[in-house]
Structures are given as structure tokens and as C-alpha cells.
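These notes concern the structure reproduced below.
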Amino acid sequence: MSAADWQRIDRLPNIYCAGCGNGSVINCTLAAVEEMGWTRENTVFISGIGCSSRAPGYILTDSLHTTHGRALAFATGVKLANPALNVVVFTGDGDLAAIGGNHFIHACRRNVDMTAICMNNQIYGMTGGQGSPTTPRGAISTTTPYGSAEPVFDLAELAVAAGANHVARWTSYHVKELMAAIATGLQTPGFSLVEVMTQCPTNYGRRNRLRQVSDMIEHLRTHALLVQKRDRLIREGKPIPEGMFVVGELVRRHRPAMGVRA
Amino acid sequence: MSRMEFMQGNTACAEGALAAGCTFFGGYPITPSTEVAEHMALKLPKRGGVFIQMEDEIASIAAAIGASWTGARAMTATSGPGFSLMMENIGYAVMTETPCVIVNIQRGGPSTGQPTRAAQGDMLQCRFGSHGDYGIIAVCPASVQEMFDLTAEAFNLADRYRVPAFVMSDEIVGHMRERVMLADTVETTPRRPLSPGRLPFEPGEDGVPGFPEFGRGHAAHVTGLTHDERGYPDATDHAAHEKLVRRLYQKIESARREIADYEVTNPDAEVVFVTYGPPARTVWQVMHDLSDPAIGHLRLRLVWPFPEFALAAFPDAKVFLMPELNMGQISREVERHVDVPVVSLPKLGGELHTPAELKRALEVHR
Ligand SMILES: Cc1ncc(C[n+]2csc(CCOP(=O)(O)OP(=O)(O)O)c2C)c(N)n1
Ligand SMILES: [Mg+2]
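Which chain is which? The protein sequence lines are A and B, in order. To convert, take the position in the first sequence, counting from 1, and add 469; that gives my numbering. To convert, take the position in the second sequence, counting from 1, and add 879; that gives my numbering.
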């Protein structure tokens, strides 16, 4: 089998806009599950609501496209009721961190054995570009027309603090690293969060002086700060440059986990 | 081996679920339902089942729905405030045709209301509380024995019709202690699996599709969006939406007679009490005291889908009297189906009507 065999071909074309980053994330995920040797029969994709959450509908496995913010709670039921199933959750920044914030921290705390992949485009894509808990300060969205005044959540750090066994962040530019991080998440017993900074040219870039898709990807590339480099800067007492976000593996550990296959 | 025990209604509810083969419980503590969760927490792990206390009621019903897709008989239990939180995901269970059992040990509302006092104020919410048009099934126990029996039956109904089934109980029956016969196992009608060659949401003749359990290679896509028989979203086509919603509605409404569960006492009566849940107990006392064949009683053990044909069991009825622990929620349903007066006898605050109150109503209205 190859990664292409996991696609639900009869649902194409998908709903994603030209230049959307979600396709790369789905491809990396399918390559990772394929690498794991998982079968379509024993793998379930679960999601909430949003552009990102449409991903399971394009994959040829059992899949549960649920309600906004609640994917991790549904996934907890699936995994605990049948630990033989491999569970992967697709979610977005609004889905995971706003309406689903409570389920997010509790899923990390419980460490139920699953991998959540958050496509963080820093905006509510599906509803047309409203601000989310990860919309940067000063960024324009339809609900922050004068620039967002709110501080943001760092989703990966939140997952680390809440107890997840594996947390990594990459971008839609770093496909090789992303695929490897997802594979690590799939292998790690317990809860894994892989946060992917993605571009939403339609609803974010357009309003924030990143007109071309290539501008957005370049922005992701140049603002990603390797975790090792961040640690070095801290050791050397140097400041972390403004506007950068950390990429790499933030934690991999073996806290007690739930729903791990016997 | 069945056994006789003296126990609380909430415990009997949990025992009924266990006897029916429930293997998953997701819940969040709330008075006066908590004992259901506590008993499941005690019993499920020893039987290889899963008990999990979730972070709220939204997550509780979500987890139960997720578990159901793996083939488990799954349930949650709550009361008013938690029930309100569950509404969106109840609609999701309806739209995705996920069998699950939701127990509501009703307490006084609105809002936090009366946590330790009984009410029947959520009877319309359970029928209509989530957005959109749909049908559900709701049973209403009037005794501890019925907490056991009807909870077990709710699992059969949920599986048979692929729908959320509600056990609409209340603080009185939930906390009452009575003798109960616990059957070790009860008759179960298993979920009909998806037949080979059928689509995941392709209905059978009864409007109910076979169940494409996860992990069996069906590659079922399950979504709360309007979908076709493959399960694929088709959220803008009016015909697809109408077809789906009419089927979700009709698969329950058209099975009303098959689903119905009620008792008729004194069918020749001229004045007829209609009850569900514990107000039946006061009516029993009144009928015992008066032993008058001109007083009838229609006791509904199942309220939704409403069995309007049961009212025709009283052809000589000149008036229907409806004692309810709410402002008359089901009396309006009765009114829609009869030509004679329907008198609502609301009782709020947590106590049952007294026999004297109902006798007075008889004097006034007969
Ligand atoms: C309870 C509820 N509230 C609001 C919505 C509307 N809604 C749909 S998607 C969405 C935001 C999605 O944003 P995000 O999770 O970041 O996903 P994206 O589309 O950006 O991938 C909202 C608010 C909804 N479907 N349900
Ligand atoms: Mg988003």
C-alpha cells in the first residue's frame, strides 16, 4: 500500500482554496500512518468543525466528523472503548483552543493514546476569517478590523504544561520534519499534539500583507525558530527575536497513559 | 440467576444498563443523578467495561457517542443543567444515527433551580431541545423496578432505531428505595449490522440503516453535516436534506405503535388520568381509595414518540386530567389528539400531588 491508497478519491476535489496548507498536512499524515504499517481497517480519523476538520472526509477509513471543539472528547470515547483502533484527530486553532480548550487540556492530562494534529492557520478559516486565540497581536481579521488586541495561546506549550507525552510543532513548509514528528506522535503511547503552522492565503494572508502564497510560506520558514536554537539563546542570555515561534520536538516522555493497546 | 434487592432508583437504573450489556459510561457528577455514575464506576471496570468521568457533560455525551461507534452499548446520565449542555451533541447523535442512552434524573429548573427536588420540566426539551427537526425515544419510569426495566429497554430501542433513547426519570424515582427484581440478563435486540453491499447510511425498509461499526473495514464517514447514503456531505442540496430529515423523523414516527408502552386501567371510564413517571403513584392511591370504575388511568411508560392512539382506549372519556410535575408540557400533546377537555394539573416545587389534591380535581372536573 502507498499513502495514495488512503485517499477517498471519489470525494475529490476537496473544499480547500488554492494555496491552502491543509493538503500538505494531510499528505504528511498519510505518509506517517503508512510508514507505521497501520491498516485502513484499524485506523480512525476524528475531527471537529472547520476547514482543517474536513480532512477525515478525504481519507478512506472510518471517520467521525463531529461538533465544533469536541473532537478530542469523541476520540476519548472511541479509543477507550476499543484500544485496538489507532486514533488520529485533525483540528484547527479555533476548534482546539477556543471552543475546545477544556477538552484539549483534559485530553493532554489524561494522556489518552492518540495523536492530535492541529492545523494552526491563526484564523477561523471556515467562517471567513475571524480572529482566533492564536491570531497574532496586531493582525487583521474580520472581527479584529483594527488589529487584534488579545494575547495568544501557545498551543504546544499548553500541551506540554497539561501533560501530553509528545508535543512537536512544525510548519507546512517543513514537510519532512513534519512527517517525522507525526510518525513519532503515532508511535508514542499517550497523547501527542503535533501543531502545524499553516498558511491561509484566503482569510489571513490577504488581510495581512502576505498576498502571495509564497509570501506566507516564506514567512513561516523565516519565523520558525528551532527549539535547540531557542535553548541556546536562552543559555547565552540572548533575547528571542520578536515574532518567532519555536519548532521542533518540545517534549517526549512516558507519563502514565490511558487507552494504550495491551 | 435473578435476585431480589432493595435499592435506590438510580442504582437500579445502572443495574438495568449493566444487565442490558452497557460497556461504556461517560459522565459528569450532578445532583440528583450522581448515583448512576457512581454505581457504574463501581461495576463497569470489574466487567471489562469503561467508566470515565469527563470534564463536562458536553464531553460526556461525546465520549458515549464515540464509544457507540466501536459497537459498545454506551450511556451517560445527568440532570437539567448538564442536559442543557448536551443538546448540540444530542443533535449530532440524531443526525449520525448513533445509538446511545441518555438518562436525565430531572430536577427543578430553569437554571440551577432545585438540585435536590423532583420535576418533569425537561419533557419537551428532550423531544425538541436540539436544533432542527428530528425524532427521539423517551421512556419514563414510575418505580425502581421500572428504572431497571426501562433503562434496559432504552438500549434495545436505541439500537433498534439507531437513535438516542432517553430515560426521563426524576429525583423522586431516582432517589426512592423499593424492592426490585434484578434479572442477570435481559432480552436484548442487537444492533443490526451493515449488510454487505449496502451503503453506510442506506436505510432498510423500516428507514433504519445497518450499523457500520468502526474497525470492521466499512470505511464509514460519519458527519453531522447533511449527507447522502454513502455518508458524504451534501450540505447545499435541498432534496438531499429533505430526504434525510424526513427519514430521521419518519423512522421513529412511523414506528409509534411498535415502540409504544402504556397501561390502560378502566377503559370505560368517563374521567381519565393521563400520567407518566411518578404522578402515576398518586393516581394509583386515588384509584385504590375510591375504587370507582368511572375513573380511568392511562399510564405512559414511554412518552416519545407520543402514542396518541392510546387515548382512544377510553372511548367514553369526557375529560382527561393530567397531573404533571411541570406547567403542563405533555397535556398540550394530549390536547392535540382529543375532542374533550384536557385539564392540566401542574405541580411545581418538587413534591408529588397529594391524593387529596387529585380527589379535589376529580370533584371539580367530573
Ligand atoms: C458551536 C459552534 N459554534 C460556531 C460554529 C461555526 N464555526 C464553524 S468552523 C468555525 C471556526 C473554525 O476555525 P478553526 O478551528 O481555526 O478551523 P479552520 O477553518 O481555520 O481550519 C466556527 C466558529 C460551529 N460550527 N459550531
Ligand atoms: Mg484556523
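Don't be surprised by glycine CBs; every beta carbon is placed ideally from N, CA and C.
When beta bridges are read from the DSSP output, B/Asp1171 appears opposite no residue.
At a threshold of 7 Å, B/Met933 does not count as near ligand 1, since its beta carbon sits no closer than that to any of the ligand's heavy atoms. The nearest non-hydrogen atom of ligand 2 is 7 Å or more from the C-beta of B/Asp1107.
Take the alpha-carbon of B/Ile981 and the one of B/Phe1034: they are about 10 Å apart. Scanning B/Glu1142, B/Tyr971, B/Ala972 and B/Thr910 for the CA closest to the CA of B/Ala956 turns up B/Thr910. Taking a Cβ-Cβ threshold of 8 Å, none of the residues of chain B is close to A/Asp474; the smallest such distance is about 12 Å.
Between ligand 1 and A/His537, a heavy atom-to-CB distance of less than 7 Å is present. Separation of A/Pro525 and A/Ser532 (C-alpha to C-alpha, rounded to the nearest whole angstrom) is 6 Å. For A/Ser532, the C-beta contacts it makes with chain B under 7 Å involve His1100 and Val1101, in order along the chain.
For B/His1054, the closest C-alpha among the options B/Arg1077, B/Phe930, B/Val1087 and B/Met1026 is that of B/Met1026. Across the stretch 902 to 914 of chain B, CB contacts with chain A closer than 8 Å involve Thr902, Phe903 and Gly905, in sequence order along the chain. With 16 or more neighbouring CB atoms inside 10 Å of its own CB, B/Lys1226 falls in the buried class. Under DSSP, A/Gln591 forms no beta bridge with any residue. Among the residues of the stretch 965 to 979 of chain B, those with a Cβ less than 9 Å away from any Cβ of chain A are Glu967, Asn968, Gly970, Tyr971 and Thr975, in the order of the chain. Distance between A/Arg578 and B/Gly906, taken at the CA atoms: about 17 Å.
For the set B/Ala899, B/Arg1239, B/Pro1234 and B/Gln1164, the Cα lying nearest the Cα of B/Glu1066 is the one of B/Ala899. Beta-bridge partners assigned by DSSP to B/Gln932: B/Gly906. Shown here for B/Gly970: same chain residues with a beta carbon closer than 8 Å to its own, the five before and five after excluded, namely Ser1009, His1010, Gly1011, Tyr1013 and Gly1103 in chain order.
Taking a C-beta cut-off of 8 Å against chain B, none of the residues of the stretch 483 to 497 of chain A qualify. Nearest CB-CB separation between B/Glu1108 and chain A: not below the 8 Å threshold. Taking all protein chains in view, the Cβ of B/Leu1179 is crowded by 16 or more other Cβ atoms within 10 Å, so the residue is classified as buried. DSSP places B/His1054 in the helix class (H, G or I) of the three-state scheme. In this structure, the C-beta of B/Glu967 approaches ligand 1 to less than 7 Å from one of its heavy atoms. Within chain A, the residues Glu510, Asn511, Val513, Asp531, Asn551, Ala553 and Leu554 have their CB atoms less than 8 Å from the CB of B/Gly1094, given in chain order.
Listed in chain order, the beta strand (DSSP E) elements of length 3 or more contained wholly in the stretch 1022 to 1049 of chain B are 1043 to 1049.
Within the same chain, Asn590, Ile592 and Gly594 come within 6 Å of A/Cys669 by CB-CB distance, once the 5 residues on both sides are set aside.
For B/Phe1199, the uninterrupted beta strand (DSSP E) run begins and ends at Val1198 to Glu1203, by DSSP. Between the stretch 703 to 712 of chain A and the stretch 622 to 640 of chain A there are fewer than three C-beta pairs closer than 8 Å, too few to call the two in contact. For A/Asn590, the distance from the CB to the nearest heavy atom of ligand 1 is below 7 Å. Looking only at A/Arg721, A/Cys497, A/Thr530 and A/Met505, the smallest Cα-Cα distance to A/Ala633 is reached by A/Arg721.
Contact with chain B is found for A/Asn571, since one of that chain's Cβ atoms lies less than 8 Å from the residue's Cβ. Contact of A/Arg480 with chain B by beta-carbon distance below 7 Å involves Tyr1111.
Assignment of beta-bridge partners to B/Tyr1141 by DSSP yields B/Leu1179. In this structure the stretch 605 to 620 of chain A does not lie against the stretch 679 to 695 of chain A, because fewer than three pairs of beta carbons, one per stretch, are closer than 8 Å. Not one heavy atom of ligand 2 falls within 7 Å of the beta-carbon of A/Gly488. A/Glu705 is bridged by DSSP to nothing; it lacks a bridge partner.
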